[in-house]
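A.B. asks:
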Amino acid sequence: MSALVIDALTVAFGRFRALDALSLAVDPGEVRAVIGPNGAGKTTLLDVISGITKPVSGRVMLGDRLDLTRCSEAQIARAGVRRKFQKPSVFPVLTVRENLAIGCGPDMAPGAREARIAAVLGEVGLAVRAAVPAGALSHGEKQWLEIGMVLAAEPGLLLLDEPVAGLSDAETARTAELIGRLRRPDRAILVIEHDMGFVEAVADKVTVLHEGRTLYEGGMQGARRDARVIEVFLGR
Amino acid sequence: MSGAVHTGLAAPAHERRALRDPLVAVLVGLCLAAALGLVLGRPAPYLVNAVGQLAAFAILAVSLDLVWGYLGILSLGHGLFFAIGGYVCAMHLLAHGTVMTGTLPDFVQFMGWKGLPAYWAGLEHAPYALLLALGLAGLVAFLFGLVAFRSRVNGVYFSIISQALVYVAMLLMYRNDTGLGGNNGMTGFPLLFGWPMGAPAVVTGLAVAALLTLAAVLAGARRLVGSAVGRRMLACRDDETRLRTLGYSTTRLKLRVWCLSAMIAALAGILYVPQVGIINPRVLAPDLSIEIAVWVAIGGLGRLGGAVIGAVLVNALKFWLSAAMPEAWPFILSGLVLLVVLALPNGLLDLAGLRIRPSWASGAR
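If you read the sequences in order, they're chains A and B.
Note that full-length UniProt numbering has the first sequence beginning at 1, numbered continuously upward.
Note that full-length UniProt numbering has the second sequence beginning at 1, numbered continuously upward.
1. Between residue 47 of chain B and residue 312 of chain B, what straight-line distance do the alpha-carbon atoms span, to the nearest angstrom?
2. Exposed or buried, which one is residue 56 of chain B when buried takes at least 16 other CB atoms within 10 Å?
3. Residues of the stretch 168 to 189 of chain A with a CB closer than 7 angstroms to any CB of chain B: list them in chain order, please.
4. Give the residues of chain A in contact with residue 106 of chain B, contact being defined as C-beta atoms less than 7 angstroms apart.
5. How long is the line joining the alpha carbons of residue 92 of chain B and residue 126 of chain B, rounded to whole angstroms?
6. List the residues of chain B that residue 73 of chain A touches, going by C-beta distances under 8 angstroms, in chain order.
7. Applying the criterion that 16 or more other CB atoms from any shown protein chain within 10 Å of the CB defines a buried residue, is residue 204 of chain B buried or exposed?
8. Quick one, are the C-beta atoms of residue 142 of chain B and residue 255 of chain B less than 8 angstroms apart?
9. Along the stretch 223 to 236 of chain B, where does the CB come closer than 7 angstroms to a CB of chain A? Name the residues.
10. Just to confirm, is the Cβ distance from residue 292 of chain B to residue 64 of chain B under 8 angstroms?
11. Could you list the residues in the stretch 144 to 167 of chain B with a C-beta less than 7 angstroms from some C-beta on chain A, going in chain order?
12. Roughly how many whole angstroms lie between the Cα atoms of residue 317 of chain B and residue 45 of chain B?
13. Chain A partners of residue 248 of chain B, CB-CB under 7 angstroms?
14. On the CB-based measure, 16 or more other CB atoms within 10 Å of its CB, does residue 107 of chain A come out buried or exposed?
15. Can you tell me whether DSSP reads residue 205 of chain A as helix, strand or coil?
16. Which chain B residues are close to residue 13 of chain A, counting only those with a beta carbon under 7 angstroms from its beta carbon?
17. With 9 angstroms as the limit, tell me which residues of the stretch 33 to 63 of chain A have their beta carbon closer than that to any beta carbon of chain D; keep them in chain order.
18. Helix, strand or coil for residue 339 of chain B, going by three-state DSSP, please let me know.
19. Kindly list the residues whose CB is nearer than 8 angstroms to the CB of residue 115 of chain B, restricted to its own chain and excluding five residues on each side of it in sequence; keep chain order.
20. Starting from the Cα of residue 63 of chain A, find the closest Cα among A:51, A:174, A:2 and give me that residue.
21. Under 7 angstroms Cβ to Cβ from residue 150 of chain A, same chain only, skipping five residues before and after it: list those, please.
22. Skipping 5 residues on each side, what residues in its chain have a beta carbon closer than 6 angstroms to that of residue 288 of chain B?
23. Going along chain A in order, which residues have a C-beta closer than 8 angstroms to the C-beta of residue 21 of chain B?
24. Using a cut-off of 7 angstroms between C-beta atoms, extract the partners of residue 238 of chain B located in chain A.
25. Under the three-state reduction of DSSP, which class applies to residue 216 of chain B: helix, strand or coil?
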């Protein structure tokens, strides 16, 4: 059984096809990276999985049962899908702790929530910043807080949109290490990233998108040697 | 980049203070003290009446601040809910008067009708009238909100539609055959709970009721914005998509607060009408609904205390100036708006150094 199956997914904005009959399967426990040049459809793919954009045709099956294209954003989130946005999306007027409390979702019992917040604070290394409003955090800290927010509800499918964009090398290394620790047999992780070193460090497999279609799927080493990939992306 | 980080540092500290807001406690205390002062000090009735009207306007401003300042939904049609409360209250007063005195209201006689319209039945009972006013305001808000929020109508589009709604209601009320007084509205309320309307005790009682209601609304609103729901409201205001993708139904959240706000506005209308002694379709004029937003903006958006201060200051000034020099009032109000927009983006609370930066800079999407 796959954690996520994307089946012949087409998304159109007017006459432009952002995704063109794209198919993709991610196994439980797998960390999959999606790479590709700008406009390849990477963020659109995450928008469809998280319910923000509705496709023209095709299905997005979560755990072989639930078709996410028929669900609202909130229903998708409650089914265990969490998305970290490209631009760090935290609630600036709320404290780190309050952001994580909201991240736990509407259904968690208050007692369990406190314990979960404490655990996540430790996991993302923001325990000493717990009472600070999120708007006052550095860019890197905001990225980690948002990762903490999407982790808080123990998602089965984690979508990360450029988690190391704008981070220093040290912060990138720390984030790679954090994602390594997030790996679990019952959790699939889908990462979009431009930083090839980071992708190589975290991903089991990569999918290279180009103009809404899959150009290559397999190991990162193979991607680096693939002539078509080099032409559209790596070679530039 | 560094600019963004800098303002990011300034905003939350000040907005966080808004969640605990000691100003609200001070204002609740002032309301209670003023109520006691009116009862014990027995000032001149026109002064008592003015205080009571200001309190009703302050309640209305708080209702708008709840949805605008804390949820990012700017309603330019809140006069509709205020008018629903006001009209139902006027119907109750006239029905009550008819039962007690046996004389039909003027507008009913003017229309040549033999009795009150059938749908007025039971309105002489105050508890039913209260329930009807709040229920009707809640229902209208629910239907409008359901359609708007489900269709994800946000920002300026929502504001414009809310403005259109109040305008449509005004056109409807201008018709004489609605049984609600038409363009003359309803006036000449003889009695309140069996007491003659102009009696000093009634004037004081109404003002005290308005002050106590304001105190209760402020205390309740502060509890709400300080709770987990209040944090979700701010989260929804600042990034609705983010909140939805964390598993929250923002439609339900917005709908609840929107309906609550509409009912608070109706409460303000209920308290306002017996104090001015008249209601007519003018309260549904779009410019009056915009004026509510002006009070909140002048006082300080996103601070419950700011809404109260704005409503009280602007209306007190209006009471004074529209008697002293009526032709100057529109210019002075416009001047105040310009002052706030250009110099005090957070309203008069800026003067007290309580806030530095507009909440809408990070707020409204």
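Every residue, glycine too, gets a C-beta built ideally from N, C-alpha and C.
All values derive from a computational prediction rather than experimental measurement.
C.D. replies: In terms of the structure at hand:
1. 14 angstroms
2. It is buried - the Cβ of residue 56 of chain B has at least 16 other Cβ atoms within 10 Å.
3. Close to chain B, meaning a Cβ-Cβ distance shorter than 7 angstroms, is no residue of the stretch 168 to 189 of chain A at all.
4. By Cβ distance, chain A contributes nothing, its closest Cβ being about 53 angstroms from residue 106 of chain B, past 7 angstroms.
5. Distance from the CA of residue 92 of chain B to the CA of residue 126 of chain B, rounded to the nearest whole angstrom, comes to 7 angstroms.
6. 241, 244, 245
7. The residue is buried, with at least 16 neighbouring Cβ atoms inside 10 Å.
8. yes
9. Listed by position, the residues of the stretch 223 to 236 of chain B near chain A (Cβ gap below 7 angstroms) are 231, 232, 234, 235.
10. A Cβ-Cβ contact shorter than 8 angstroms links residue 292 of chain B with residue 64 of chain B.
11. none
12. 19 angstroms
13. 74, 106
14. exposed
15. strand
16. One finds nothing in chain B with a Cβ atom closer than 7 angstroms to the Cβ of residue 13 of chain A; even the nearest lies about 17 angstroms away.
17. The structure shown contains no chain D; its protein chains are A and B.
18. Helix, per DSSP.
19. 104, 108
20. A:2
21. 82, 83, 84, 103, 158
22. Only 79 meet the Cβ criterion.
23. Within 8 angstroms Cβ-Cβ: nothing; residue 21 of chain B doesn't reach chain A, min ~13 angstroms.
24. 91, 92, 93
25. helix
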